[in-house]
Amino acid sequence: MQQTNLLNYLSFYIKITRFLEKINLLLVENIEDEAIQVADYLGEIKDLDIEIHLCQSLSESYELLQRQKLDIILINLFLPDGYGLQSFTNLFNKFLDIPFLVLTDLNDNSIALEAVKSGAQDFISKENLSSSFLYRSISYAIERKQSEKKLRRSEEKYRQLFARSRDAIYMTTLEGEFIDFNPAALSLFGYSEEELKALKVKDLYVDEADRKTLRSELEKDGQITDYELVLQKKDKTTKIQCLLSSMTIYDEEKNILGYQGIIRDITDKKNAEQALLKSLADLDLANQEMHQLNDTLEQKVVNRTVALRKEKEIVEISSKEIKESIKYAKRIQASILPPNKRLKEGFKDSFVYYKPKDVVSGDFYWYEKVNKNALFAVVDCTGHGVPGAFMSMIGYTQLNEIVSQQKITDPGLILKELDKRVKIALHQNAINDKNSKDGMELGLIHLDFSKSQLEFAGAMRPLYLVRNGQLQIIKGSKFAIGGVTLRKKEFTTTRLQVKSGDSIYIFSDGYPDQFGGPRGKKFMTRNVEEMLRNIGHLSMVEQDEIVKQTIQHWMNEEEQVDDILFSGIKI
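For what it's worth, the numbering used here labels the leading residue of the sequence shown as 132, then goes sequentially.
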């Protein structure tokens, strides 16, 4: 009989009222008589609505499976283009959602069993073929495959947990066959993946009573938590103290599909508990010995307590004296800063925002009136706190002497003389001296009111001028005051005409270097420039408030990192 005629013979429907959906069945059989015999048995099944599709080779079945949705496959293991069991295993693995039933001859049951292990649902001996046997096998295979699919969908939710968990995680059928397990399970029990798949859960138990208790609890409550039991490794001699938690997997009709659970190895914990018990016993013995020494030790404690109290009193006295000294230093430092009233005499519309990081500061501002002109400086000394305060006293004293005694008013010449004096005061003679980097940065202005002329010189600090909303930056020298360098220092005086309404600013680097904002970053000079462009037209009273609020809002809860000194003068 030709294949076309055979296909025509097999193309029929067996209709019943119990099933609304048709079962698409693929029969892969190269022997025509046997294919017809199977078709006849299928036709006798009254409880299934089956449509049969026939293929006579593996390659032909591959092509059909690519384009046709099928519900179940009956396949002969001995096809002309089948090259051993691996050919069929590849087919099973490629189409995991379709149940396979293997058709075998009388003497090849062992091969059929291997096929079942490789992914087939069941095997049917052609000698025992009947419509009732086919009915049971097909129904069971489809039902089991659907159960596996449901279990796999549940399993996918926990796939990442499977892979990463240090505890053994498993999933089984109702009969206790392993469906899936994570690498930790293989490591815990010492089996390979193939070996564990061939076992059932009961093979891991040492005490059968534990298994029965767990099964009973799961059937009763649907779950069990932290059940302590002993399991065994592959060698059957190594025992594992375990903590098992498991839960029942149900389908939509509340039928039990299987179980999933987590096994935690607590062998080390149990061993530690035993060691702890032994340690406690040893400790109890040691305590008895300790009682004999208590009197001596208590006296030593009393003596040491008295000594500590005396030391504490000494530390508290020293701490109090240090705090009082620092407070006194603050009063001394505050006394050198020009009072606001005196500053207003020279610059009527001006402000100084002064916020030390510590009690005393390394930043200070300096003012001196010479004839009808005014000198003003913002100075940032090395460091902050007490070291910075000492530097500020040196800077303040030297500035006063340079202007009052040497009568120097040119800003560039003042900085040059100040640099020389600071190096002498700090004994800065060589680059490798430990104090060779100590010094100060500053910006200094000389304002001639009669000529409306501003003279500026800076040591690593610039002057900002805002006129009609436009910002002009006059840079200072690249050299600091003090410190030893291989290059010759130059401090240049810049002269420019100022107009009524101009706003000029000098500030230390503590303002732009302050951390804060949504990302915890520095405020940065560009934000200072943008702020000054926007507020330059306002009065200095208003600008003072904006400068304060801006940096306080930026800092939020961040710690102040340096002394802050910011000055503004309106012409």
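We put the beta carbon where it would ideally sit given N, CA and C, even for glycine. Only a predicted model underlies this, so the values are computations on that prediction, with no experimental measurement involved.
Cut-off 8 Å between Cβ atoms - residues of its own chain near residue i, not counting five sequence neighbours on either side
i, result
"K280", "D228"
"V169", "L158, E160, L205, L234, L260 and L265"
"D693", "K488, H515, S639, D640, G641, D644 and Q645"
"F580", "K503, N504 and A505"
"M662", "I677, V678 and T681"
"D352", "none"
Contact under 8 Å by Cβ, residue i with residue j
i, j, result
"G613", "D550", "yes"
"G389", "I310", "yes"
"S698", "V491", "no"
"G574", "L594", "yes"
"K571", "M522", "It should be noted that the sequence gives Met, not Lys, for residue 571. In this structure, M522 lies closer than 8 Å to M571 by Cβ."
"S639", "F622", "no"
"K331", "G307", "yes"
"A588", "P542", "yes"
"I273", "I176", "no"
"I702", "S631", "yes"
"G526", "T513", "no"
"D675", "F478", "no"
Of the listed residues the options, nearest to residue i (C-alpha basis)
i, options, result
"T656", "I637, H668, P649 and R650", "I637"
"V337", "L506, F320, D693 and S583", "F320"
"Q683", "I467, F654, L317 and S278", "F654"
"Q628", "L585, M591 and V672", "L585"
"H558", "V615, I387, G526 and A611", "V615"
"Q529", "K200, A556, I176 and S670", "A556"
"T303", "T379, K568 and Y527", "T379"
"E163", "L185, R552, K538 and I176", "L185"
"R284", "D178, Y381 and L362", "Y381"
"Q277", "P230, D569 and I242", "P230"
"N386", "Q423, L305, G667 and D357", "L305"
"K364", "E548, L335 and R618", "L335"
"N665", "Y271, E690, L602 and I700", "L602"
"L468", "Y496, R626, K475 and I604", "Y496"
Cut-off 7 Å between Cβ atoms - residues of its own chain near residue i, not counting five sequence neighbours on either side
i, result
"A246", "L208, L216, F219, V233 and F254"
"D396", "L319, I371 and C373"
"E359", "L374"
Inter-residue Cα distance where the pair is residue i and residue j
i, j, result
"P211", "S323", "34 Å"
"L105", "I355", "Since the first and last residues shown for the chain are 132 and 702, residue 105 lies out of range."
"L244", "I183", "25 Å"
"G648", "N658", "12 Å"
"S249", "F226", "13 Å"
"L506", "L578", "7 Å"
"E660", "G641", "15 Å"
"N560", "Y484", "36 Å"
"F312", "L196", "30 Å"
"Q405", "D415", "15 Å"
"I300", "E383", "24 Å"
"D426", "V432", "10 Å"
"T369", "R435", "54 Å"
"L201", "P314", "34 Å"
"I703", "Q536", "Here the chain covers residues 132 to 702 and nothing more, so residue 703 does not appear."
"Q419", "K401", "27 Å"
"K153", "L345", "41 Å"
"L137", "D366", "With a pLDDT of 48 at L137, under the threshold of 50, the predicted position of this residue should be treated as unreliable, though the coordinate-derived value follows. Going by the C-alpha atoms only, they are around 55 Å apart."
"K652", "K486", "20 Å"
"I576", "E690", "32 Å"
"L151", "I167", "Caution is warranted here: a pLDDT of 37 is assigned to L151, below 50, making its placement in the model unreliable, and the coordinate value is therefore given only provisionally. Cα-Cα distance, rounded: 26 Å."
"V534", "R650", "45 Å"
"I539", "R618", "25 Å"
Bridge partners - residue i, DSSP secondary structure assignment
i, result
"S268", "None; S268 has no bridge partner."
"R626", "E586"
"E499", "L506"
"F638", "F697"
"V483", "S698"
"D366", "Answer is none; D366 lacks a bridge partner."
"T304", "G389"
Close-in-space but distant-in-sequence residues of the same chain around residue i (CB under 6 Å, 5 per side omitted)
i, result
"Q187", "N161"
"R598", "D633"
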